[in-house]
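One structure is given here, and the rest of the page talks about it.
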Amino acid sequence: MQVAIEQARKGIAAGQTPFGASIVRNGELVAAGHNEVWHRGDPTAHAEVVAIRRAAEQLSSIDLNGCVMYTTCEPCPMCAAAIHWAKLDAVHFGATIADAHRAGFTELTLPASTLYRQGGSGVRLVCGPLNAECAALFDEWLARSDHRAY
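Quick note on our numbering: the sequence shown kicks off at 1 and runs consecutively.
Dropping the structure here:
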C-alpha cells in the first residue's frame with residue numbers, strides 16, 4: 001500500500017488527482033501508477049486502470065491471475081470491472097468511495113463489494129489497510145490551489 005500512496009502523492013505533485021495503485025505478484029512489485037486523467041485527457045485513466053495497463057505490458061499478458069492490487073481508494077465501478085476482467089486475485093483499498101465523494105469526486109456510489117457480489121466476481125476485496133493515511137491524501141490534494149476534480 002505504501003507504493004500506492006507514493007504514487008498518489010506523485011500524482012498530486014503533477015497536478016493530478018489523489019489516487020494511486022500498485023500491483024504485486026509473489027511479493028514483487030509488477031507495476032504502479034497514479035491517476036492520469038488530466039494529463040492524458042482520458043476519463044478512463046484512473047490509477048487502477050493505469051496500473052493494470054502497465055502490469056499487462058510488463059507481464060505480456062492480459063491475464064493478471066496471481067496478482068494483487070493495492071489502491072488508495074475503493075475502486076469505482078469502472079475500475080472494479082477492469083480489475084475483474086484482468087483476473088486479479090484481490091484488491092486491497094484504503095479510503096472509501098464515500099471519502100472520495102466528500103472530496104468532490106462524483107464517483108458512482110455503488111460499492112465494489114456490491115458490484116462483485118451481484119456480478120458473481122471472484123475478486124477478493126480487503127477494505128481498510130492504511131485507511132486514515134489514504135483518506136488524508138484527499139486533504140493534501142484539497143490544500144493545493146491547483147486541485148480540480150472531474
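Quick reminder that beta carbons are idealized off the backbone N, C-alpha and C, glycines included.
These figures come from a predicted structure and were not determined experimentally.
Pop quiz: residue i and residue j are said to be a contact at Cβ under 8 Å. What is the actual Cβ separation, rounded to whole angstroms?
| i | j | result |
| --- | --- | --- |
| G20 | W38 | G20 to W38, Cβ: 15 Å. No contact. |
| T109 | A95 | With 8 Å as the limit, T109 and A95 do not qualify as a contact, their Cβ atoms being about 14 Å apart. |
| H46 | M78 | 7 Å |
Return the first residue and the last residue of the alpha helix (DSSP H) that residue i is part of.
| i | result |
| --- | --- |
| E48 | A47 to L59 |
| C79 | P77 to W85 |
| T71 | Where T71 is concerned, there is no enclosing alpha helix (DSSP H), although the beta strand (DSSP E) it sits in stretches over C67 to C73. |
| R144 | R144 -> no alpha helix (DSSP H), and no H or E assigned at all. |
| L115 | A112 to G119 |
Counting along the chain, where does the beta strand (DSSP E) carrying residue i start and finish?
| i | result |
| --- | --- |
| L29 | E28 to H34 |
| V126 | R124 to C127 |
How would you call residue i, buried or exposed, if buried means at least 16 neighbouring beta carbons within 10 angstroms?
| i | result |
| --- | --- |
| V49 | buried |
| A13 | exposed |
| D99 | buried |
Compare the C-alpha of residue i against each of the options and name the closest.
| i | options | result |
| --- | --- | --- |
| R25 | D99, A56, D139 and E74 | A56 |
| A149 | E36, V126 and T17 | T17 |
| E74 | A86, P129, G66 and W85 | P129 |
| I83 | A136, R40, D146 and A112 | A112 |
What is the DSSP secondary structure of residue i, counted as helix, strand or coil?
| i | result |
| --- | --- |
| A90 | strand |
| I62 | coil |
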